[in-house]
Amino acid sequence: MTRRLLCVFAHPDDEVFCAGGTIAKYSEQGYEIMVVSVTKGDAGQIRDANIATRRTLGSVRAGELQKSCQCLGAQHAVCLDYGDGTLKKLDIQVLVAEVVKIIRQFRPEVVITFGPDGAYGHPDHIVIGEATTTACSLAGDPRQFPTQIEDGLQAFAPTTLFHSVFPRSRRLMLETLSKWLVSRKSRSGATNQIDPLEFVRALLLFAEETTMLNYSSDRIDVNWYPSGFYIIEQGEMAKDLYLILSGRAKAVLEHEDGSLEVLNDLEPGNFFGEMGVALHQRRMAHVIAQENVTCLVMSMTEAVLFAGRGSDATITGGADRGSEAAEAVIDVGRATHCIDVRDYMMNKINAMSAHRSQYPITPEMFPLDMLKDLMGREYFVQILPRPQLIDTLFLETTREQGV
Numbered sequence: 003m004t005r006r007l008l009c010v011f012a013h014p015d016d017e018v019f020c021a022g023g024t025i026a027k028y029s030e031q032g033y034e035i036m037v038v039s040v041t042k043g044d045a046g047q048i049r050d051a052n053i054a055t056r057r058t059l060g061s062v063r064a065g066e067l068q069k070s071c072q073c074l075g076a077q078h079a080v081c082l083d084y085g086d087g088t089l090k091k092l093d094i095q096v097l098v099a100e101v102v103k104i105i106r107q108f109r110p111e112v113v114i115t116f117g118p119d120g121a122y123g124h125p126d127h128i129v130i131g132e133a134t135t136t137a138c139s140l141a142g143d144p145r146q147f148p149t150q151i152e153d154g155l156q157a158f159a160p161t162t163l164f165h166s167v168f169p170r171s172r173r174l175m176l177e178t179l180s181k182w183l184v185s186r187k188s189r190s191g192a193t194n195q196i197d198p199l200e201f202v203r204a205l206l207l208f209a210e211e212t213t214m215l216n217y218s219s220d221r222i223d224v225n226w227y228p229s230g231f232y233i234i235e236q237g238e239m240a241k242d243l244y245l246i247l248s249g250r251a252k253a254v255l256e257h258e259d260g261s262l263e264v265l266n267d268l269e270p271g272n273f274f275g276e277m278g279v280a281l282h283q284r285r286m287a288h289v290i291a292q293e294n295v296t297c298l299v300m301s302m303t304e305a306v307l308f309a310g311r312g313s314d315a316t317i318t319g320g321a322d323r324g325s326e327a328a329e330a331v332i333d334v335g336r337a338t339h340c341i342d343v344r345d346y347m348m349n350k351i352n353a354m355s356a357h358r359s360q361y362p363i364t365p366e367m368f369p370l371d372m373l374k375d376l377m378g379r380e381y382f383v384q385i386l387p388r389p390q391l392i393d394t395l396f397l398e399t400t401r402e403q404g405v
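With my numbering applied, the sequence shown has no gaps in its numbers, which climb one by one up to 405 at the end.
Shown next as structure tokens:
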């Protein structure tokens with residue numbers, strides 16, 4: 003008997019972040035998988051004008067869902083046409099009936115959808131999660147939606163229902179990214195210059211998604227510095243990674259006698275500050291704005307208005323937002339299941355890049371180790387069958403186990 007997995011989400015691309023690696027993993031193991039998006043995502047962003055207009059975005063994103071599912075190995079991709087952003091205005095029974103019909107047609111053993119938090123509070127996510135959860139409880143009862151039974155469908159109840167969840171991670175993307183920049187520079191001897199048009203846009207999108215979905219705890223800002231400003235001071239603790247978006251700066255070494263030595267010029271597309279972050283060292287040089295400079299700044303601390311500057315400053319920033327250290331960097335919260343999908347990260351990133359209208363990226367833009375570190379595990383809460391309460395704190399063990 004073929005084992006089947008059904009994933010029901012609100013928008014094209016939800017499947018990637020909620021369960022992309024899980025889909026790829028179980029597809030490889032021979033499971034038959036269907037991904038359903040209840041809307042075409044036609045109210046979403048248009049991040050590449052060469053791909054879509056507002057008029058065409060819905061059909062474009064429906065096509066992107068097909069491509070994404072091919073990358074993940076899902077055999078079936080269904081894109082319905084309920085209005086993006088309007089699900090909470092619908093009679094929820096309409097959506098329940100739709101999902102019940104899909105369950106009775108596809109007959110999945112396992113269903114995945116959103117939990118009551120909607121991942122990050124999106125109203126469409128919350129509604130379709132509620133509708134799918136209700137549908138899983140009703141689909142096995144032939145008295146529910148009897149016209150479907152009259153049309154030849156048979157009642158069917160999935161064995162297991164999971165809600166996708168995103169536990170808060172204390173990992174910091176800036177630490178992994180800094181280590182990659184340092185290793186890249188040492189291997190090639192090249193400067194840390196990235197195409198400022200493509201990579202910066204991709205990094206901004208990626209940083210937004212990873213922080214919104216709790217993959218990382220970085221604080222992300224875009225800051226402006228006037229000409230002559232000391233962006234970094236030599237000797238300060240390294241807690242920030244910078245990427246120049248516009249303007250120019252220079253790295254300057256201050257010797258013990260007070261003389262200054264220009265080390266190198268920095269321009270748009272250059273990272274700086276990665277060495278101190280990667281090696282957990284104090285800053286080895288000043289970075290001074292040569293003209294008005296705008297930087298993308300990734301920080302491991304909360305912003306503090308009264309933070310001091312210089313190597314002797316005692317108040318240098320707010321509380322640390324995270325760390326790469328220790329296994330306990332993920333607060334799994336309500337999660338009952340954790341799926342290791344690191345071996346399927348390329349499937350997941352290829353699927354993300356298939357949603358080109360939303361994520362104009364290429365898989366090679368980011369270091370694979372960073373992606374595995376941030377997105378290599380997917381978390382779920384088992385809803386059905388309801389986990390049973392255990393009435394003892396001590397599990398039975400055998401004498402051979404030493405008890």
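Here a beta-carbon is modelled for each residue, glycine too, at the ideal position from N, C-alpha and C.
Option nearest residue 109 by Cα separation, candidates 288, 384, 171, 4 = 4
inquiry  = Between the segment 53-68 and the segment 350-365, can you find at least three pairs of beta-carbon atoms closer than 8 Å?
reply    = yes
message = Nearest by alpha-carbon distance to residue 76: which of 40, 28, 117 is it?
response = 28
ask   = Just how far apart, CA to CA, sit residue 242 and residue 173?
value = If you draw a straight line from the Cα of residue 242 to the Cα of residue 173, it comes to about 14 Å.
request  = Could you name the residues that DSSP lists as bridge partners for residue 295?
outcome  = 227
request  = Indicate the three-state DSSP secondary structure (helix, strand or coil) for residue 396 in the structure shown.
outcome  = The three-state secondary structure of residue 396, taken from DSSP, is coil.
key: Which residues DSSP lists as bridging residue 251, in chain order   = 268, 291.
message = Give me the residue from 267, 123, 112, 119 with the minimum Cα distance to residue 137.
response = 112
inquiry  = What ranges does the alpha helix (DSSP H) occupy inside the segment 7-35, keeping only unbroken runs of at least 4 residues that lie completely in it?
reply    = Taken in chain order, the unbroken stretches of alpha helix (DSSP H) that lie wholly in the segment 7-35 and span 4 residues or more are 16-30.
inquiry  = Considering just the uninterrupted stretch of the beta strand (DSSP E) at residue 79, what are its terminal residues?
reply    = 78-84
task = Spell out the partners DSSP gives residue 342 in its beta bridges.
result = 379
key: Close beta carbons around residue 115, own chain, < 6 Å, minus the five adjacent residues each side   = 10, 131, 134
task = Identify which residue in 92, 41, 100 has its Cα closest to the Cα of residue 83.
result = 41
key: Range covered by the alpha helix (DSSP H) that runs through residue 163   = Residue 163 -> not in any alpha helix (DSSP H); beta strand (DSSP E) instead, spanning 162-167.
inquiry  = Helix, strand or coil, according to DSSP, for residue 351 in the structure here?
reply    = helix
key: Nearest-angstrom Cα separation, counted from residue 303 out to residue 383   = 30 Å
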